[in-house]
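J.:
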Amino acid sequence: MSVIGTRGLTKIYNGEVRAVDGIDFEVEAGEIFAFLGPNGAGKTTTIKMLNTLILPTSGSATVAGFDVVKHPAEVRRRVGYAAQDVGVDERATGRENLTLYGHFYRLDNRRIRERVKELFELVGLNGYEDKMVSSYSGGMRKRLDLAMGLIHQPQVIFLDEPTTGLDPQTRVHLWDYINKLAKTMGVAVFLTTHYMEEADRLADRIAIIDLGKIRTIGTSDALKKSIGGDVVTLTPPAEKDEERQDFVKRAEAALSGKPFVTETKPSDGQLAVYVKDGAAAIPGIMQIMGSQGIEVKTIAMSRPSLDDVFLKYTGRTIRAQEGTQTTFVQMRRQANRRRNR
Numbered sequence: 042m043s044v045i046g047t048r049g050l051t052k053i054y055n056g057e058v059r060a061v062d063g064i065d066f067e068v069e070a071g072e073i074f075a076f077l078g079p080n081g082a083g084k085t086t087t088i089k090m091l092n093t094l095i096l097p098t099s100g101s102a103t104v105a106g107f108d109v110v111k112h113p114a115e116v117r118r119r120v121g122y123a124a125q126d127v128g129v130d131e132r133a134t135g136r137e138n139l140t141l142y143g144h145f146y147r148l149d150n151r152r153i154r155e156r157v158k159e160l161f162e163l164v165g166l167n168g169y170e171d172k173m174v175s176s177y178s179g180g181m182r183k184r185l186d187l188a189m190g191l192i193h194q195p196q197v198i199f200l201d202e203p204t205t206g207l208d209p210q211t212r213v214h215l216w217d218y219i220n221k222l223a224k225t226m227g228v229a230v231f232l233t234t235h236y237m238e239e240a241d242r243l244a245d246r247i248a249i250i251d252l253g254k255i256r257t258i259g260t261s262d263a264l265k266k267s268i269g270g271d272v273v274t275l276t277p278p279a280e281k282d283e284e285r286q287d288f289v290k291r292a293e294a295a296l297s298g299k300p301f302v303t304e305t306k307p308s309d310g311q312l313a314v315y316v317k318d319g320a321a322a323i324p325g326i327m328q329i330m331g332s333q334g335i336e337v338k339t340i341a342m343s344r345p346s347l348d349d350v351f352l353k354y355t356g357r358t359i360r361a362q363e364g365t366q367t368t369f370v371q372m373r374r375q376a377n378r379r380r381n382r
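This note's numbering puts the sequence shown at residues 42 to 382.
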């Protein structure tokens, strides 16, 4: 059963900046659903519309069976939210943080005590209930923040970049807790991330979002299979950007239309070549490069990864788009200046 559903959901700032551009998707109970994209892709804006923090410009969305515009109070009662920035009070104990949130949701004292015990167990913070949060590590604060979003037993939990800034070991531990929520408690988890590994290992389904649009949705395996075959990456010996771009153009032109090549994609001064059988294709690729006088520094073959999927559907790598957030902020500032003149 769908607990989140959107149809043409759109958010436009100042009449011109499309932060979210007509997206459609559904999330099932007990599913971990990931939005994968760079900063500025529209991930946080989508979450804020779904948990009623901001209004959509157009389109519709339902969460736990309620329209986010018509019945925002009903939606809020049924969702939890852990933002990118940890929202815990460092001057209080872990128990006091959770107790306060329990009162926000009008739980009685007996139920709050039960939930505090359950949640400290769930997120592995047993023994730290009465310690000041200022003494917690960064990973412990993240786990407490997650527990606070779960105090009222929501049907849906929104996790916005939940492991940003955590060390690899703590990140893996947090993944375990998130997985427990969905698989043993039936909570729908809506996760945003720019970490490929996080989406790959944790999510049941992944939506790749870029510049406010959903480019594709599927399981990690299905998305990788959509590429079809192997990826052969050609790297030029040149170091200057102009020379690397020239290499990519020449190599792409030389390989275009060859029967063993299904697609080519430029990527950060390299050329990704999609083929059915990488081992069989490499000798042919090198022969063509040699005949065209195109020098190749390295050639590497790999099975398709989510990086390759992202490149295929957006035309860029997720790393290459990290400047998008700056561009988006600049666009909003420019629009504000024009409006205030």
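Note that the Cβ used here is the ideal one computed from N, Cα and C, for glycine as well.
These numbers come from a predicted model, not from an experiment.
For the beta strand (DSSP E) containing Pro307, name the first residue and the last one.
T.: Here the beta strand (DSSP E) through Pro307 covers Val302 to Ser308.
J.: Among the residues of its own chain, which have a CB less than 8 Å from the CB of Leu96, if the five just before and after it don't count?
T.: Cβ within range, chain order: Met90 and Val110.
J.: Assign Pro324 to one of two classes, buried (16 or more other C-beta atoms within 10 Å of its C-beta) or exposed (fewer than that).
T.: Label assigned to Pro324: exposed.
J.: Answer with buried or exposed for Lys290, where buried requires no fewer than 16 other C-beta atoms within 10 angstroms of its C-beta.
T.: The residue in question, Lys290, is exposed, as its Cβ has fewer than 16 Cβ neighbours within 10 Å.
J.: Specify the secondary structure class of Glu284 as computed by DSSP and reduced to three states.
T.: Helix at Glu284.
J.: Suppose you measure from the CA of Ala114 to the CA of Thr233; what does that come to, to the nearest Å?
T.: If I take the Cα positions, the gap works out to 23 Å.
J.: Quick one: any contact between the segment 238 to 250 and the segment 296 to 304, if contact means 3 or more CB pairs under 8 Å?
T.: Judged by Cβ distances under 8 Å, the segment 238 to 250 makes no contact with the segment 296 to 304, as fewer than three pairs qualify.
J.: Is the beta carbon of Glu170 closer than 8 Å to that of Phe161?
T.: Yes; because the gap between Cβ atoms is below 8 Å, this pair is in contact.
J.: Tell me, which residues are paired with Lys52 by DSSP?
T.: Per DSSP, Val61.
J.: Going by DSSP, what residue range makes up the alpha helix (DSSP H) through Lys266?
T.: From DSSP, the alpha helix (DSSP H) with Lys266 extends over Ser261 to Lys266.
J.: Would you say Thr85 and Val116 are within 8 Å of each other, going by their C-beta atoms?
T.: Not a contact, by the Cβ cut-off of 8 Å.
J.: Give a yes or no on whether the C-beta atoms belonging to Lys265 and Val350 are separated by under 8 Å.
T.: Yes, the pair counts as a contact, with Cβ atoms nearer than the cut-off.
J.: What number of angstroms, rounded off, separates the C-alpha of Ile219 from the C-alpha of Leu163?
T.: Distance between the alpha carbons of Ile219 and Leu163 is about 10 Å.
J.: Have a look at the DSSP bridge pairing and note the partners of Asp201.
T.: Bridge partners of Asp201: Thr233.
J.: To the nearest angstrom, report how far apart Gly128 and Gly179 are at their CA atoms.
T.: Taking the straight line joining both Cα atoms gives about 12 Å.
J.: Note down, in chain order, each residue of its chain lying with its Cβ closer than 6 Å to the Cβ of Ser267, except the 5 sequence neighbours on either side.
T.: Counting only Cβ-Cβ distances below 6 Å, and skipping sequence neighbours, we find nothing.
J.: Taking the straight line between their C-alpha atoms, what separation do you get for Met342 and Leu200?
T.: Straight-line Cα distance between these residues: approximately 35 Å.
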